[in-house]
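To start, the structure itself, in structure tokens.
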């Protein structure tokens, strides 16, 4: 991909610059989470400007810190000191507003901590939910945090009895496998990115201090476009498993790739799968494990680094009852990113609470009859032609804007901002869903925003969007996202619970007057379960 930002209208160039800036900001927030997980002072400090300030509101107190060194020390001190703890900081729903060389980024954050009893081996976990608002400033082409505000919303503790099989595979220091994803290609001589490889000198998300030159803007845009395409490939894997779609899954891997993983606690041995067979074997195993059950494989907090025609990706991957880390080495061949090496590390396995129930049996299918396939095919109807000369950069810029619009709807509901919510929908939009309390919902036009707030905006809420799978053709687009809805009553007592629902959101988009808005939304609730609340600030 050469000269991706050249040519086109001023609006196009502005959209591509915006994509590059927002991707770098997005990756910086994720890098901070990774640094906290690994207790890596260098990574955490590099996300802040030297004079940065941080405010942490938690458990009815507010802590104010000044200076990157103090901020770093305090944030790391809040993470469990036990090197054997299972720790997962995750970031959701980036909402970024650019203002010249400054930007405001709001994200939802969760911190999951699991500890094993040294005698019994029985696990106990705690899950913290909150919001994070960061003021970024760009200096010498690098976006770093100037003001950092964390607001803890609530804490709940999952039921006891969690486990951490294969805990020895992970480390909370630089010996962890996540620091060595490029070792294979860096020591392979001719197979590693060399001087003749396009973009070989382009450090990725893991190198925030790279030197900037006249091509810095072009490099940042390449990183953003390639980063999204890599992330999209990871999402493709999840969708392939959930829908038993062997063709979709096969497109994730190079034929000579290898994957190291464990199927389940009942089959605890690590298996090595090659790229030629992985799709068929994985789908066969998925059918055994998930047929006629609710399952969503969701990836969060994807930290992606681009080095020429190689890329690394690490993310937290969660299914119904577990949380694991997936480490991927990608290689671009013939212009397409696919997995060259995959390793799935042993993760935390968590039993579910009493009272969980499936609610999507009538609306979901584990094959191509699932309604998502009809939604995703909508942009490709014969009446819609490809935009002439559209590049990967243009396509990714459109997809980012579509995803931003989806995220804006959930932030608006959680904030109770009906006007902002309405701005995400066309005047002739429609909404279809079902709720546990009110049954089917089918509304149109100006009633959509009010209906969403009425049915989804009760109590203190967080709506977490994951796995954006987006198809764009001309001025039409379709988007599937995974959705976790968490609701806490405004008034707490000893019986208060977090109401957690998992499902999917299907959106049809149309671009009118240069703006992507939702024309039709279908929400498919999938699973409900309650969790007791330990604490919520006043």
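Residue numbers (this note's numbering): 28 to 565.
The C-beta atom is built at its ideal place from N, Cα and C for all residues, glycine as well.
Only a predicted model underlies this, so the values are computations on that prediction, with no experimental measurement involved.
In the DSSP assignment, what residue or residues form a beta bridge with residue 531? 509 and 551
Count the other C-beta atoms from every protein chain shown that fall within 10 angstroms of the C-beta of residue 286, then say buried if there are 16 or more, exposed otherwise. buried
Kindly list the residues whose CB is nearer than 7 Å to the CB of residue 478, restricted to its own chain and excluding five residues on each side of it in sequence; keep chain order. 458, 468 and 470
Can you say whether residue 473 is buried or exposed, counting buried as having 16 or more other CB atoms within 10 angstroms of its CB? exposed
Under the DSSP definition of a beta bridge, which residues are partnered with residue 157? 136 and 179
Going by the CB atoms, is the gap between residue 117 and residue 328 shorter than 8 Å? yes
Contact defined as beta carbons within less than 8 Å: I believe residue 81 pairs with residue 98. What is the distance between those atoms, to the nearest angstrom? 4 Å
To the nearest angstrom, how far is the alpha carbon of residue 142 from that of residue 185? 12 Å
When the Cα of residue 545 is compared with those of 505, 531 and 553, which residue comes out closest? 505
With DSSP collapsed to three states, give me the class of residue 492. strand
Minimum C-alpha distance to residue 348 - residue among 420, 554 and 431: 554
Boundaries of the alpha helix (DSSP H) in which residue 144 is found, first to last residue: Careful: residue 144 lies outside any alpha helix (DSSP H) and carries neither H nor E.
Taking three-plus beta-carbon pairs below 8 Å as touching, is the segment 290 to 299 in contact with the segment 256 to 276? no
DSSP-derived helix/strand/coil call for residue 350: strand
Residue 103 vs residue 68 beta-carbon contact at 8 Å: yes
Kindly give me the distance between the Cβ atoms of residue 323 and residue 529, rounded to whole angstroms, as I take these residues to be in contact under 8 Å. 6 Å
Count the other CB atoms, across all protein chains shown, that sit within 10 Å of the CB of residue 37; report buried if there are 16 or more and exposed otherwise. exposed
In the DSSP output, what is residue 119 paired with across the bridge? 135
Quick one, which of 162, 140, 166 and 160 has its alpha-carbon nearest residue 154's? 140
Let me make sure I understand the geometry here. Which of 356, 95 and 321 has the alpha-carbon closest to that of residue 388? 321
In angstroms, rounded to a whole number, what distance separates the CA positions of residue 429 and residue 146? 50 Å
Taking just the CA atoms, how far does residue 158 sit from residue 475? 26 Å
Taking C-alpha atoms, which residue in 42, 556, 167 and 93 lies nearest to residue 77? 93
Given residue 364 as reference, the closest of 493, 173 and 261 once Cα atoms are compared: 261
Three-state secondary structure (DSSP) of residue 230: Its pLDDT being 32, under 50, residue 230 is placed unreliably by the model, and the measurement read from it follows with that caveat. Three-state result, residue 230: coil.
Rounded to the nearest angstrom, how far is the Cβ of residue 488 from that of residue 525, given a contact under 8 Å? Wrong, their Cβ atoms sit about 10 Å apart, outside the cutoff.
For the putative contact between residue 170 and residue 426, defined by C-beta atoms under 8 Å, what is the C-beta separation to the nearest angstrom? The Cβ separation is near 21 Å, so there is no contact.
For residue 56 and residue 161, which I take to be in contact (beta-carbon distance under 8 Å), what is that distance rounded to the nearest angstrom? 7 Å
Any heavy atom of the ligand NAD closer than 7 Å to the Cβ of residue 63? Although the ligand NAD was asked about, the structure shown includes no ligands whatsoever.
Exposed unless 16 or more other CB atoms sit within 10 angstroms - verdict on residue 325: buried
Measure from the alpha carbon of residue 510 to the alpha carbon of each residue in 503, 519 and 532, then state which is nearest. 532
Please state the DSSP three-state secondary structure of residue 339. strand
What's the gap between the Cα of residue 196 and the Cα of residue 350? 14 Å
Please report the straight-line C-alpha distance between residue 111 and residue 423, rounded to a whole angstrom. 39 Å
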